[in-house]
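Q: This note's numbering puts the first residue of the sequence shown at 3, with every later residue one more than the last.
Glycine included, C-beta positions come from ideal geometry on N, C-alpha and C.
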Amino acid sequence: MTTERGERRLTGESALRWGLIWLGIVLAVLLAWQLRQVLVLAFLAVLVAAGLYRLISPLERRGVPGIVAVLVVYLALLAVVALLIWIVVPPLVEQLVELVENLPTFISGAEAWLRQQMDALPGDIGEEGFGQLQEQMGGVIPDLSALAAVPIVVVSLLVNLVLVVFLSAMLLLERDRLWNGMLAYLRPKRRDRATEVAQSAADKLGAFVRGQLLMMTIIGIGTALGMFVLGVPFVLPLSFLAFLTEAIPIVGPFISGIPIILIAFTQDLWTGIFMTAWVVGLQQLEGLVLAPIIQNKALKLSPVVILLGVVAGGTLAGVIGALIAIPLVAVAQVILSEVVLPLRRESWSEAAD
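Written as structure tokens, this is what we have:
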């Protein structure tokens, strides 16, 4: 009788404990969702820190103090960015303003060209198709009023960028103290293993950042080269758009490629055809050559896993979710392969014994 009561008490305590654990998990998820913007900025700061650590660690190994090494790297990057701004931004802004002013003209030219092509179709097919297309394009010009909100968006992005840079610098400066503080919550025998896992995850994040920047640069320069050779206007703003959108998995090349192709077709038919072939060729280069060599080799992730992660991230958090999906999946893969699976194997071997 006493044994049965003890078993019931243990069962009740176990159920209560697991119930509290699951309640804590649910509350943690809800809190994380409410703080998702802060967490995204923090994760972006971790990405930047991981990407720059490869530049800082050689200085530290040569005896340079950590704070000096961080300052040297950040000041050097600031000098490079300032030089690029001084060289690129004035003509970029000039061409961007000209592009916005001429956008209605380009849209009208595209409509006229499409009307010409559809008029060649038999019967009422061309007329009906053009009518439907005109309805879709009719909302484009009125939406240009949304450009009034661009300064607010730019200021917000700049503030977030400064926050990310500052946080990444603090993470690099305080990394040892922060990590030792987290290790204090682990058993001493697990601390070395935790450090190895964290280093593996940091290496993958750093490889992702450096690989992504390399691919963005290649696509941006390749786009500018093609537009310049073919005589397509607004090389700087549109190639800069291609550079930025390359960071968005899967859909990024389409976001930049469509306006480039449309503007190319407003020049003449053959310019549009050659520009289309060039854009498609760059996308194939990125998907079949650059990504497998630069990213997949460093991250060791299946393309299927990457695709599912990007779709899930985009569904949950839009463009930002798609941007950070791949590095998050890479970290999750490290945790699963180097933490979860070994622990499961230990429990299976203990159960077998």
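Please list the segments of the alpha helix (DSSP H) lying wholly inside the region 254 to 291, counting only runs of 4 or more residues, in order along the chain.
A: Qualifying alpha helix (DSSP H) stretches, in chain order: 254 to 269 and 271 to 287.
Q: Mind the definition here: the region 199 to 208 touches the region 232 to 245 only if three or more C-beta pairs lie below 8 Å; say whether that holds.
A: With a cut-off of 8 Å, the region 232 to 245 and the region 199 to 208 do not count as touching, because too few Cβ pairs lie within range.
Q: State the start and end residues of the unbroken alpha helix (DSSP H) segment that holds G53.
A: Residues R38 to R63.
Q: The alpha helix (DSSP H) spanning L338 covers which residue range?
A: Here L338 belongs to no alpha helix (DSSP H), and DSSP marks it neither H nor E.
Q: Just mark W280 as buried or exposed, buried being the case when its beta carbon has 16 or more other beta carbons within 10 Å.
A: Buried: at least 16 other Cβ atoms inside 10 Å.
Q: With a Cβ-Cβ cutoff of 8 Å, do F245 and I221 count as a contact?
A: The answer is yes: Cβ separation under 8 Å.
Q: Three-state secondary structure (DSSP) at L216?
A: Three-state DSSP puts L216 in a helix.
Q: Rounding to the nearest angstrom, what Cα-Cα distance links L301 and N104 in this structure?
A: The straight-line gap from Cα to Cα measures roughly 43 Å.
Q: Please report the straight-line C-alpha distance between Y187 and Q335, rounded to a whole angstrom.
A: Going from the Cα of Y187 to the Cα of Q335 covers about 23 Å.
Q: Quick check on the DSSP output: the alpha helix (DSSP H) that includes G183 runs from which residue to which?
A: Segment R177 to L185, the alpha helix (DSSP H) holding G183.
Q: From P255 to L284, what does the alpha carbon distance come to, in whole angstroms?
A: Roughly 9 Å separates the two Cα atoms.
Q: The alpha helix (DSSP H) with V237 in it runs from where to where?
A: Looking at the DSSP string, the run of the alpha helix (DSSP H) that includes V237 is V237 to T247.
Q: Rounding to the nearest angstrom, what Cα-Cα distance links R346 and S202 in this structure?
A: Their Cα atoms are separated by approximately 20 Å.
Q: Under a Cβ-count criterion, where at least 16 other Cβ atoms within 10 Å of its own Cβ denotes burial, should T219 be classed as buried or exposed?
A: Exposed, by the Cβ-count rule.
Q: Excluding the 5 residues flanking I322 on each side, which residues of the same chain have their C-beta closer than 6 Å to its C-beta?
A: Once the five neighbours on either side are set aside, the close Cβ partners of I322 are V42.
Q: Of the choices R195, L159 and V166, whose alpha-carbon is the least far from that of G53?
A: Selected option, being the one with the closest Cα: V166.
Q: If you reduce the DSSP assignment to three classes, tell me which class I250 lands in.
A: Residue state, collapsed to three classes: coil.
Q: Please name the residue, chosen from L309, V237, L232 and L101, that lies closest to G274 on a Cα-to-Cα basis.
A: For G274, the nearest C-alpha among the options comes from L232.
Q: Keeping to the same chain, check which residues put their C-beta closer than 6 Å to that of S258; ignore five residues upstream and five downstream.
A: L243, A244 and T247, listed in sequence order.
Q: Quick check on F168: buried or exposed, where buried means 16 or more other Cβ atoms within 10 Å of its Cβ?
A: F168 is exposed by the Cβ-count criterion.
Q: Do the CB positions of I260 and P235 come within less than 8 Å of each other?
A: No; because the gap between Cβ atoms is not below 8 Å, this pair is not in contact.
Q: Does the distance from the CB of V50 to the CB of S170 come in under 8 Å?
A: A contact, by the Cβ cut-off of 8 Å.
Q: Check whether the Cβ atoms of I69 and L175 sit closer than 8 Å, and answer yes or no.
A: Contact flag set, yes.
Q: With burial defined as no fewer than 16 other Cβ atoms inside 10 Å of the residue's Cβ, what is the status of I328: buried or exposed?
A: Under this definition I328 is a buried residue.
Q: For W35, tell me which candidate among A319, L330, S339 and I326 has the shortest Cα-Cα distance.
A: Out of A319, L330, S339 and I326, A319 has the C-alpha closest to the C-alpha of W35.
Q: Please state the DSSP three-state secondary structure of G233.
A: It is coil, neither helix nor strand.
Q: Does the beta-carbon distance from L325 to A249 come in below 8 Å?
A: Yes.
Q: Skipping 5 residues on each side, what residues in its chain have a beta carbon closer than 8 Å to that of V72?
A: Counting only Cβ-Cβ distances below 8 Å, and skipping sequence neighbours, we find I58, A171, L174 and L175.
Q: I'd like the list of long-range same chain contacts for M229, defined as Cβ closer than 6 Å, with 5 residues on each side in sequence excluded.
A: Counting only Cβ-Cβ distances below 6 Å, and skipping sequence neighbours, we find V237.
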